[in-house]
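Enquirer:
Numbering (my numbering), first residue to last: 35 to 125.
#1: Just the C-alpha distance for residue 52 and residue 45, rounded to the nearest angstrom, thanks.
#2: Alpha carbon to alpha carbon, how far is residue 79 from residue 117?
#3: Tell me the residue span of the alpha helix (DSSP H) that contains residue 91.
#4: Within a Cβ cutoff of 8 Å, which residues of the same chain sit near residue 109, ignoring the five residues on either side of it in sequence?
#5: Just to confirm before moving on: does the CB-CB distance between residue 122 and residue 77 stay below 7 Å?
#6: Please work out which residues of its chain come closer than 7 Å, Cβ to Cβ, to residue 84, disregarding the five sequence neighbours upstream and downstream, and give them in chain order.
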């Protein structure tokens, strides 16, 4: 890989980790009350709404249909991966 590619990959990974940790804290604080079933229900609702929003609201100007479809698919996969990584924690 070239130096530029390595740098882009490092930036993307850092961005993903930062966002994941911020969201983990927000989700934990918002859904601290209740039980695990309620927590999982909230996470599933957020996941479904986010994926729906990506597919219906995301329009990338200046890109072809294939690129837009690929970006939407990857973004949706990131949402699912991120949200399913959250676990119920009463602490």
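All C-beta atoms in this analysis are idealised placements derived from N, C-alpha and C, irrespective of residue type, glycine included.
Expert: Reading it off the structure:
#1: On the chain shown, residue 52 is found 18 positions in, with the first residue counted as 1. On the chain shown, residue 45 is found 11 positions in, with the first residue counted as 1. So the two alpha carbons sit approximately 10 Å from each other.
#2: Numbered from 1 along the chain shown, position 45 holds the residue referred to as residue 79. Numbered from 1 along the chain shown, position 83 holds the residue referred to as residue 117. Approximately 10 Å, taken between the alpha carbons.
#3: Walking along the chain shown from the start, residue 91 turns up at place 57. Start and end: 70–91.
#4: Residue mapping note: residue 109 aligns to position 75 of the chain shown, counting from 1. Cβ-Cβ distances below 8 Å link residue 109 to 88 and 92 in the same chain, with the five nearest sequence neighbours on each side left out; the list follows chain order.
#5: The residue you call residue 122 lines up with position 88 of the chain shown. The residue you call residue 77 lines up with position 43 of the chain shown. Taking 7 Å as the Cβ cut-off, residue 122 and residue 77 do not qualify as a contacting pair.
#6: Within the chain shown, the letter at position 50 stands for residue 84. These residues qualify, in order along the chain: 113.
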